[in-house]
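Chemist:
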Amino acid sequence: MADLTTTFLGITTPNPFWLASAPPTDKEYNVRRAFEAGWGGVVWKTLGEAGPPVVNVNGPRYGVIHGADRRVLGINNIELITDRPLETNLEEIARVKKDYPDRAIIASIMVPCEEASWKAILPRVAETGCDGIELNFGCPHGMSERGMGAAVGQVPEYIEMVTRWCKEYYGKPVIVKLTPNITDIRYPARAAHKGGADAVSLINTVSSITSVNLDTFSPEPSIDGKGSHGGYCGPAVKPIAMNMVAEIARDPATRGLPISGIGGVTTWRDAAEFMSLGCGNVQVCTAAMTYGFRIVQEMISGLSQWMDEKGYTATSDFIGRAVPNVTDWQYLNLNYVAKAKIDQDACIKCGRCYAACEDTSHQAIWMKPGRVFEVNDAECVACNLCVDVCPVENCISMVPMTPGETDPRTGRVVSRDYANWTTHPNNPAARAAE
Amino acid sequence: MGNSQMTPGIAAGRLPADRIAANFDDLHPAYAPHEAAVAADRCYFCYDAPCVTACPTSIDIPMFIRQIQTGHPEAAAKTIFDQNILGGMCARVCPTETLCEEACVRETAEGKPVEIGRLQRYATDTVMAAGTHPFRRAAPTGKRVAVVGAGPAGLSCAHRLAMLGHDVTVYEARPRPGGLNEYGIAAYKATGGFAAAEVDWLLQIGGISIDYGKRLGSDITLDGLVSSHDAVFLSVGLAGVNALGADGEDREGVRDAVDFIAELRQASDLTALPVGRNVVVIGGGMTAIDAAVQSRLLGAESVTVAYRRGQESMGASSFEQDLAAQKGVRLMFNLRPVAVHEGEIELEYTRVAEGRVTGTGETIRLPADQVFKAIGQKLDGAPEGIALEGGKIAVTGAGRTSVKGVWAGGDCASGGDDLTVTAVAEGRDAAMDIHASLAG
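Protein chains in written order, with my numbering: chain A, 3 to 436; chain B, 688 to 1127.
Right, dumping it as structure tokens:
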């Protein structure tokens, strides 16, 4: 079994699976159970200022999107930061950290955007002996109305400013948690970097309404007939999160800035994908909230097995391996020509590829007598929709044409040379450059 | 009281009442809503779906399953009833394993089709339970149509005609409607008086009256019907039963399987229904299996189905054969009856060459207190002057007979499988053709 020991910002944990700042990490009881189950670290549920804690709604705080058989695809929440006194949380953090020195405890913090507030809380957090802090600039609901959370995360100047304060008043690693509710994720990441952040973590939740009750016309979750947008998380947001991670990983302004990946990590495979896109570790919440803490054991065994199969001996062997392969559209090789190919032995004759192609794509699949579905190479643009809708794995594949062959669709000979849009004759910019 | 499976001869109450009640409970219990949602999600919504092609009534199966999935089982039921007004019964009795579910691409992929029959039942039961009828009658046309026989074909035809605004009188020989749905299907496939409830529900369309105790040939005549109606649809079924052609066929204890099944279906107390300790059923179709399985469920100690050809030729589907085996029925092949003796039946082994069955001369005797004949039914008392084909009423197109103004469908008509669902399709199609001809 490959060793999963991972060091992130100098913090070494037995595996790269941390629990994200969220309800599962709200108190000592849960965190101890999480560590016993095998989690490598936790980001403690966000702490607020000293004094009377925030209050939560007393009705439903979670909404859900179900897939088949009520599989949880996404959850949104309108829960605020911890509603327990700061002192209680700090005492518990200190106690748990003492008992689990080999696990990471990061304190998530959200206080008003004033230097005095940060200056006041940071020494108290430092006293707990926790391994670092995460600045919650992400929550899109509730706290953002009070000028915190995503309200800060959406203003790069504020991110830089607060990060700077934290680096000034706190000695251990500072992680800045980013909100995805912004047009271009690179700007807040650059601001965090500029402010001296040791890392960014992303994504926080996506502003969302999960459903509308069609009897009461209230958004869900409904509080006395009204709803407020919540933060969406879980498997549904993973593609959005991975793109944002990759954008930061390949941005020259932030290249090398450590990233903690968050957003729908449910299995070892999700974790491996996030890490290949440049994340030093991953944080998990929805999967734990759906299945309980024990799921980390599958993540651990799965990632180890995959690493063994690939010959990786440390997580650093594959972290960031996919980053060089993320590029701009304009650099994609336009001389790469593929055609869909249907494996007739594997085909179960459902005809979904035909319906999809005939109705919504390029009319490149023939339906022949006996429900035989064949690709018409002269029309196939290799869009991949047939592959996507086919219910049988590996039944339809995209087969690259060999250089020298003639593409029956275009009549052109497939070139072995790489050529992209920047030099394409149809590109006005390319012509202008000549 | 005091009888058991070992009681000699033919006796009632071989099993305690609770055992019998459990034995005759629903074969496939209804889906709960979540089960239905999960089952519905397995449908791929195929293009030009093979299941639809395989359905004799061409129900838009992917569409009704999608309607279940989106939380509208009553809309799903409407999709079903549009094509098959007896979709509730068909959901229970269709040999789906040889029709829609055999054609399901998930059968091809995994050997586990989408459970179309159970989903259809889920949808149709929802509407039946609500008691609502999703169709309204068109304005009356003033045309009068006679339907002879209130079985699946007749009811289907009558409903469609009534919906189109025609006035329909159904003439039924028996005291109750439903035909084989009421009298001829294994009890565990249509529990809770479903057949009768379905007819009541169907009649909500209005414009249909049923005249009971009217048998064609004795109480009514085709000529009479033709002269008093604008069109006639014959759906009289197959009332005759083929003979064994074996010695001792007239012995006590030898009877038609269809009569036994009908008696069982109409019995108010199954513990009072006698059955043999040792039962032998002669035949290889659904009726043979239904009679055999129900004999076991009533408490017969040994039940054997003896079929004169090999297993591959058996009319009963593999599902039915498995069901029989599971209930403890022994299936024997290449055996034909020679003679019925006291408490025994003598059978001769056969071989099949070029489709013809010949005896090998070797015989076997099986204990038999009761022998059920299930070797096929035949048309009894076809009206004079109507052309027959293969012993059935010859039809062309949508059930047109050789007599002008007379249509036929269901088991009594030539062509098509002897299935409830086929009868429903034939009744519906004949109705559309009658409608077109009345309008023209």
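Glycine included, each C-beta is placed from N, C-alpha and C at the ideal position.
Going along chain A, which residues have a C-beta under 8 angstroms from B:Thr795?
Modeler: Here residue 795 of chain B corresponds to residue number 108 of the second sequence, with the count starting at 1. Simply Ile350 and Lys351.
Chemist: Residues of the region 730-748 of chain B with a CB closer than 9 angstroms to any CB of chain A: list them in chain order, please.
Modeler: Result list: Tyr731, Phe732, Cys733, Tyr734, Asp735, Ala736 and Pro737.
Chemist: Let's test the definition: count the other Cβ atoms within 10 Å of the Cβ of A:Asp310 and tell me whether it reaches 16, buried, or not, exposed.
Modeler: Within the first sequence, residue 310 of chain A is the residue found at index 308, counting from 1. Exposed, since its Cβ has fewer than 16 Cβ neighbours within 10 Å.
Chemist: Taking the straight line between their C-alpha atoms, what separation do you get for A:Met403 and A:Pro427?
Modeler: Numbered from its first residue, the first sequence carries residue 403 of chain A at position 401. Numbered from its first residue, the first sequence carries residue 427 of chain A at position 425. Their Cα atoms are separated by approximately 22 angstroms.
Chemist: Given this structure, state the Cα-to-Cα distance separating A:Pro2 from A:Lys47, to the nearest angstrom.
Modeler: Residue coverage of chain A in this structure runs from 3 to 436, which leaves residue 2 of chain A outside it and unanswerable.
Chemist: Where do the N-terminal and C-terminal ends of the alpha helix (DSSP H) with A:Asn32 fall, by residue?
Modeler: Residue mapping note: residue 32 of chain A aligns to position 30 of the first sequence, counting from 1. Glu30 to Ala39 is the extent of the alpha helix (DSSP H) around A:Asn32.
Chemist: Check each residue of the region 705-732 of chain B: if its Cβ is closer than 7 angstroms to any Cβ of chain A, include it; give the result in chain order.
Modeler: Residues Val725, Asp728 and Tyr731.
Chemist: What are the boundary residues of the alpha helix (DSSP H) that B:Phe768 is part of?
Modeler: Position 81 of the second sequence, counted from the start, is the residue given in the question as residue 768 of chain B. That run of the alpha helix (DSSP H) goes Pro760 to Gln770.
Chemist: Could you give the C-beta distance for B:Ala762 and B:Gln807, rounded to a whole number, given that I count them as a contact under 8 angstroms?
Modeler: For the purposes of this step, residue 762 of chain B is taken as the residue at position 75 of the second sequence. For the purposes of this step, residue 807 of chain B is taken as the residue at position 120 of the second sequence. Not confirmed; about 13 angstroms, so no contact.
Chemist: Who does B:His991 pair with in a DSSP beta bridge?
Modeler: Along the second sequence, read from residue 1 onward, the residue named residue 991 of chain B stands at position 304. Looking at the sequence provided, one finds Thr at residue 991 of chain B rather than His. B:Val967 and B:Arg1017.
Chemist: Is A:Met3 near the ligand FMN, with its Cβ less than 7 angstroms from a heavy atom?
Modeler: Judged by which ligands are present, the structure shown has none, so any question about the ligand FMN falls away.
Chemist: Could you work out which residue in A:Ala248, A:Thr256 and A:Arg34 is closest to A:Ala96 when comparing CA atoms only?
Modeler: Within the first sequence, residue 96 of chain A is the residue found at index 94, counting from 1. The shortest C-alpha separation from A:Ala96 is found at A:Arg34.
Chemist: Would you mind sorting A:Asp447 into buried or exposed? The rule is 16 or more other CB atoms within 10 Å of its CB.
Modeler: In the structure as shown, chain A starts at 3 and stops at 436, and residue 447 of chain A therefore has no counterpart that could be examined.
Chemist: B:Phe1059 to B:Val923, Cα distance in whole Å?
Modeler: Locating residue 1059 of chain B in the second sequence gives position 372, where the first residue counts as 1. Locating residue 923 of chain B in the second sequence gives position 236, where the first residue counts as 1. Looking at the two C-alpha atoms, the distance is approximately 23 angstroms.
Chemist: If we cut at 8 angstroms on Cβ distances, does A:Ala421 have a partner in chain B?
Modeler: The residue given as residue 421 of chain A occupies position 419 in the first sequence. False, the Cβ-Cβ gap to chain B never drops below 8 angstroms.
Chemist: What first and last residue would you give for the beta strand (DSSP E) that runs through A:Trp20?
Modeler: Locating residue 20 of chain A in the first sequence gives position 18, where the first residue counts as 1. Its beta strand (DSSP E) spans residues Phe19 to Leu21.
Chemist: Which residues in the same chain have their Cβ closer than 7 angstroms to the Cβ of B:Ala1188, if we skip the five residues on either side of it in sequence?
Modeler: Nothing in the structure corresponds to residue 1188 of chain B, since chain B is present only between 688 and 1127.
Chemist: Would a check of beta-carbon distances place B:Val792 closer than 8 angstroms to chain A?
Modeler: For the purposes of this step, residue 792 of chain B is taken as residue 105 along the second sequence, with counting starting at 1. Taking Cβ atoms only, chain A reaches closer than 8 angstroms to B:Val792, which makes this a yes.
Chemist: Helix, strand or coil for B:Asp906? Go by DSSP, reduced to three states.
Modeler: Here residue 906 of chain B refers to the residue found at position 219 when the second sequence is read from its first residue. In the structure shown, B:Asp906 sits in coil (DSSP, three-state: anything other than H, G, I, E or B).
Chemist: Residue range of the alpha helix (DSSP H) that B:Glu779 falls in?
Modeler: Here the question's residue 779 of chain B lines up with position 92 in the second sequence. A quick correction: the sequence has Arg, not Glu, at residue 779 of chain B. Note, B:Arg779: alpha helix (DSSP H), Gly774 to Val780.
Chemist: Name, in chain order, the residues that DSSP records as bridge partners for A:Ile297.
Modeler: Here residue 297 of chain A refers to the residue found at position 295 of the first sequence. A:Ile297 is not bridged to any residue.
Chemist: With a cut-off of 8 angstroms on the beta carbons, I'd call B:Ile1062 and B:Ile969 a contact; round off their distance for me.
Modeler: Working through the second sequence from its first residue, we reach residue 1062 of chain B at position 375. Working through the second sequence from its first residue, we reach residue 969 of chain B at position 282. 6 angstroms between Cβ atoms; contact.
Chemist: Do the region 893-913 of chain B and the region 1094-1102 of chain B touch if we need at least three Cβ pairs shorter than 8 angstroms?
Modeler: Too few Cβ pairs lie closer than 8 angstroms, so no.
Chemist: Three-state secondary structure (DSSP) at A:Ile67?
Modeler: On the first sequence, position 65 is the one that residue 67 of chain A refers to. Looking at A:Ile67 - three-state DSSP - the assignment turns out to be strand.
Chemist: I'd like the list of long-range same chain contacts for A:Gly406, defined as Cβ closer than 7 angstroms, with 5 residues on each side in sequence excluded.
Modeler: Residue mapping note: residue 406 of chain A aligns to position 404 of the first sequence, counting from 1. Excluding positions up to five away in sequence, the list reads Val415 and Val416.
Chemist: So which residues on chain B does A:Tyr356 lean against when the C-beta distance must stay under 9 angstroms?
Modeler: The residue given as residue 356 of chain A occupies position 354 in the first sequence. Neighbours of A:Tyr356 on chain B, chain order: Tyr734 and Asp735.
Chemist: Checking contacts by CB at 8 angstroms: is A:Pro237 closer than that to chain B?
Modeler: The count along the first sequence starts at 1 and reaches residue 237 of chain A at position 235. No, no contact with chain B.
Chemist: Quick check: is the beta carbon of A:Val394 nearer than 8 angstroms to any beta carbon in chain B?
Modeler: Locating residue 394 of chain A in the first sequence gives position 392, counting from the first residue. Interface residue, yes.
Chemist: Taking 8 angstroms as the threshold (beta carbon to beta carbon), is A:Asp217 in contact with chain B?
Modeler: The residue labelled residue 217 of chain A in the question sits at position 215 within the first sequence. With 8 angstroms as the cut-off, A:Asp217 does not count as an interface residue toward chain B.
Chemist: Which residues does DSSP pair with B:Arg1023 in a beta bridge?
Modeler: Numbered from 1 along the second sequence, position 336 holds the residue referred to as residue 1023 of chain B. Answer is B:Glu1035, bridged to B:Arg1023.
Chemist: Could you check whether the region 279-297 of chain A touches the region 317-330 of chain A, counting it as contact only if at least three pairs of C-beta atoms, one from each stretch, sit closer than 8 angstroms?
Modeler: Touching, per the Cβ criterion.
Chemist: Following the continuous alpha helix (DSSP H) through B:Met1119, name the residue where it begins and the one where it ends.
Modeler: Taking the first residue of the second sequence as 1, we reach residue 1119 of chain B at position 432. Per DSSP, B:Met1119 belongs to the alpha helix (DSSP H) from Thr1107 to Ala1126.
Chemist: If A:Ala342 and A:Ala380 are in contact, beta carbons under 8 angstroms, what's the gap, nearest whole angstrom?
Modeler: Reading the first sequence from its first residue, position 340 is the one you call residue 342 of chain A. Reading the first sequence from its first residue, position 378 is the one you call residue 380 of chain A. Not really, about 12 angstroms apart at Cβ, beyond 8 angstroms.
Chemist: Which residue's Cα is closest to the Cα of A:Cys349: A:Ala421, A:Glu89, A:Pro393 and A:Thr8?
Modeler: Position 347 of the first sequence, counting from 1, holds the residue named residue 349 of chain A. Of A:Ala421, A:Glu89, A:Pro393 and A:Thr8, the residue nearest in Cα terms is A:Pro393.
Chemist: Between which two residues does the beta strand (DSSP E) holding B:Arg831 run?
Modeler: The residue you call residue 831 of chain B lines up with position 144 of the second sequence. That run of the beta strand (DSSP E) goes Arg831 to Val835.
Chemist: Any idea if B:Thr974 is buried or exposed, counting beta-carbon neighbours within 10 angstroms, 16 or more meaning buried?
Modeler: Looking up residue 974 of chain B in the second sequence gives position 287. So B:Thr974 ends up on the buried side.
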